[in-house]
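There are 2 protein chains.
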Amino acid sequence: MPSSQKPDGLPQYSDVTAAAERLSGHARVTPLLQSNLLNERLGGRLLVKPEMLQRTGSFKFRGAFNRVSRIHKNVRGAGVVAYSSGNHAQGVAAAARLLGMPALIVMPRDAPEIKIASTRAHGAEIVFYDRLTENREEIGECLAADRGATLVRPYDDPYVIAGQGTVGLELAAQAREAGVRLDAVLLPCGGGGLTAGSALALAEECPETELYGVEPAGFDDTARSLAAGERRTNDARARSICDALQMPSPGEMTFAINVRLLTGGLVVDDDAAAAAMATAFSHFKVVAEPSGAVALAAMLEGIFPIKGKTVAVVCSGGNVDAQAFRAALDRPG
Amino acid sequence: MPSSQKPDGLPQYSDVTAAAERLSGHARVTPLLQSNLLNERLGGRLLVKPEMLQRTGSFKFRGAFNRVSRIHKNVRGAGVVAYSSGNHAQGVAAAARLLGMPALIVMPRDAPEIKIASTRAHGAEIVFYDRLTENREEIGECLAADRGATLVRPYDDPYVIAGQGTVGLELAAQAREAGVRLDAVLLPCGGGGLTAGSALALAEECPETELYGVEPAGFDDTARSLAAGERRTNDARARSICDALQMPSPGEMTFAINVRLLTGGLVVDDDAAAAAMATAFSHFKVVAEPSGAVALAAMLEGIFPIKGKTVAVVCSGGNVDAQAFRAALDRPG
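In order, the protein sequences belong to chains G and F. According to the working numbering, the residues represented by the first sequence are 1 to 333, in order. According to the working numbering, the residues represented by the second sequence are 1 to 333, in order.
Following this line, the structure appears as structure tokens:
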């Protein structure tokens, strides 16, 4: 448990490599995809890391398994509690089942059907809350205390961050193997666990690579916080189709890492996310959910100019209802 | 060129391993996907080999590159000619461009838009023909003779068969690495190149595994030919949404291999193929075209009973127009 030995409690590079060892044989090594046709159109080289192919359909299994596997055997019987719009929920439910522990998940009533059904199918008990009027952290902490269960936070946890960081670690190794030097890596950013963990790995593996967190418009708390140098919050009235990236503010731990290691934050609107879902469909043959497509969107929209460069984007998940997916394919472009 | 030294001209296992070496660094190693939830529902273990993630969106790049890379440098300038409903077209066009050769492709006028656009984007010249009244083999042979170009047949070619066989070779290696013993492998079957090549590999790597070719109803020529012990043809009036699997009869070379190595042929209808596309979307987060989904369909429909078994299915391609994909997601189930 190296992280607990550090005064600031923040995970570091060695925690990511330890997570990779722990995940070996449990998490899937996702490939790195390319489309020569798209590269020609863009005038650059785009690499896509398709985490929708990860167990449970998103990268969240990595952090969840890394965290849940560290729970002491004496308290495993009481199980785990998590709050999540759906991807962390599935990750925790799957990890808990693999390790023989009960899981209780607090989910917003308006979460995508596919995420609710899949979380339940992984054997978890679900408690719903109202995203607009109730506080999920409070509900989760209360329920965990009642049961003596372990609360598995979605991002402000050193083991969760280190687990998500294995995405960046894998990406660096795959790029090296392909003989590619990465000019930049773009990652979807909600609470900031994927960006923070991957930044820990990438800053060590390829320190010259620029790193960007990408957020949906209205939920650009990390972009504004990075610019301000301190944590900022989102307008509570904001709405987006990116259901997995709607946090009130950056995490405390994740922001402490991101402010040190990210080059900056980028912001895309819902139309751009939907267009990127269509591109993921036609050029990469993978199913991206809106939140999973925002980094690809930033690149396709030219918000990050790729011309003459080599850029990797992480597509973080693919848990999207058929109806929402059809709507994205219907858009012109 | 080991195959030319054999009296029957048929490729063998060593041709597949030679193809794998030739393709290394050019073709993508596609992963092996699983869904624990689907496995629980099926009561068996299903492994999916997602060849839609292959370069050009289908396995066809493997055979095309293996064949085109063998063309003597003295005749490369005259280029290649191929006839194809679209996946072989893209495979040949991409392979030819990589090797600096011009490509002319004969395609049916009613091929999916995405296949026509992508073949053109790979730099190929396209000549259209009418699937119902014209003979594509004759057109292709004529055009190749006119230009002194090399005709790259879609399946009756030892190098093409050996290239497609690398799907089976990879699958066997990945199953071994995962500690899995395969009871059966199901593969989509059109001209029979993917089944024949993969059967060469699998019969050697795991001789106890049952091998099935899967065809759409109305185009079950291989199933009937296997049962009869000789090549049978399809009714010219047959129609299917599986545009990549509509051959008049099994290939000569491919059937000679398939009749020796396949356990049998299975047949699914269009509804089953569409339902399998929806399952590939929801459980595996990949885009399957109708033809690419038939092996998965045979398993999901219970035409091949998986209960208590470990079965691998190849999803052979994902080149499908958005409209057709939406239609598949719209179906109930």
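Built from N, CA and C at the ideal position, the CB exists for glycine as well.
Spell out the partners DSSP gives R45/F in its beta bridges.
T310/F
I'd like to know if the segment 18-25 of chain G and the segment 160-169 of chain G are in contact, where contact means that at least 3 CB-CB pairs between them fall below 8 Å.
yes
For the candidate residues K285/G, V259/G, S282/G and A244/G, whose alpha-carbon lies nearest to that of I59/G?
One point to set straight first is that residue 59/G is Phe, not Ile, in the sequence displayed. With distances taken between Cα atoms, F59/G lies closest to A244/G.
Determine the DSSP secondary structure at L132/G, reduced to helix, strand or coil.
coil
Can you tell me which of A117/F, S69/F, R76/F and N74/F puts its alpha carbon nearest to the alpha carbon of A89/F?
A117/F
In its own chain, which residues sit with a C-beta less than 8 Å from the C-beta of V311/F, not counting the 5 before and 5 after it?
G44, R45, L46, L47, L182, D183, A184, V185, L186, M299 and F304
For P207/G and chain F, any beta-carbon pair shorter than 8 Å?
no
With 8 Å set as the bound, which would you pick, yes or no: does the beta-carbon of F65/F sit closer than that to a beta-carbon of chain G?
no
Would DSSP call C189/G helix, strand or coil?
coil
Short of 7 Å in beta carbon distance, which residues of its chain neighbour V16/F, apart from the five on each side in sequence? Order them along the chain.
A162, G165, T166, L169, G197, L200 and A201
C-beta atoms of P188/F and A272/F nearer than 8 Å
no
Exposed or buried, which one is P11/F when buried takes at least 16 other CB atoms within 10 Å?
buried
Per-residue DSSP class, three states only, for T30/G:
coil
Please list, in chain order, the residues of the segment 41-57 of chain G that have any C-beta partner in chain F closer than 7 Å.
M52, L53 and G57
Please list the partners that G318/G has in chain F, where partner means a Cβ-to-Cβ separation under 7 Å.
K285
Looking at D156/G and E252/G, is the spacing between their C-beta atoms short of 8 Å?
yes
Could you work out which residues of chain G lie near L104/F, taking near to mean beta carbons separated by less than 7 Å?
Residues of chain G passing the Cβ test: none, with the nearest at roughly 19 Å.
Contact residues within the segment 165-184 of chain G, judged by C-beta distance below 7 Å to chain F
none
Assign S3/G to one of three DSSP states: helix, strand, or coil.
At S3/G, the pLDDT of 45 sits below 50, so the modelled position is not reliable and the matter cannot be decided from this model.
Look at the Cβ atom of R326/F, then the Cβ atom of A274/F, and state whether they are nearer than 8 Å.
no
With a threshold of 8 Å, are at least 3 pairs of Cβ atoms found where one atom belongs to the segment 117-136 of chain F and the other to the segment 204-221 of chain F?
no
Compute the Euclidean distance between the alpha carbons of P207/F and L262/F, then round it to the nearest angstrom.
11 Å
Limits of the unbroken alpha helix (DSSP H) element including L261/G
E252 to L261
Measure the C-alpha to C-alpha separation of R147/G and A78/G and round it to an integer number of angstroms.
6 Å
Any beta carbon of chain F sitting closer than 8 Å to that of A203/G?
no
F325/F CB to nearest chain G CB: under 8 Å?
yes
Measure the alpha-carbon distance for N66/G versus L53/G and round it to whole angstroms.
18 Å
Quick one: grab the DSSP three-state call for R331/F.
coil
How about C315/G and A280/G: do their beta carbons lie closer than 8 Å?
yes
Would you please verify whether the beta carbon of F59/F is less than 8 Å from any beta carbon of chain G?
no
A121/G CB to nearest chain F CB: under 8 Å?
yes
Same chain, Cβ closer than 6 Å to A324/F, five either side skipped, listed in chain order:
none
With 8 Å set as the bound, which would you pick, yes or no: does the beta-carbon of I116/G sit closer than that to a beta-carbon of chain F?
no
Which value, in whole angstroms, describes the spacing of the CA atoms of G318/F and N36/F?
23 Å
From the DSSP secondary-structure annotation, give me the bridge partner or partners of Y212/G.
L186/G and G264/G
For V106/F, the first and last residue of its enclosing beta strand (DSSP E)
A103 to P108
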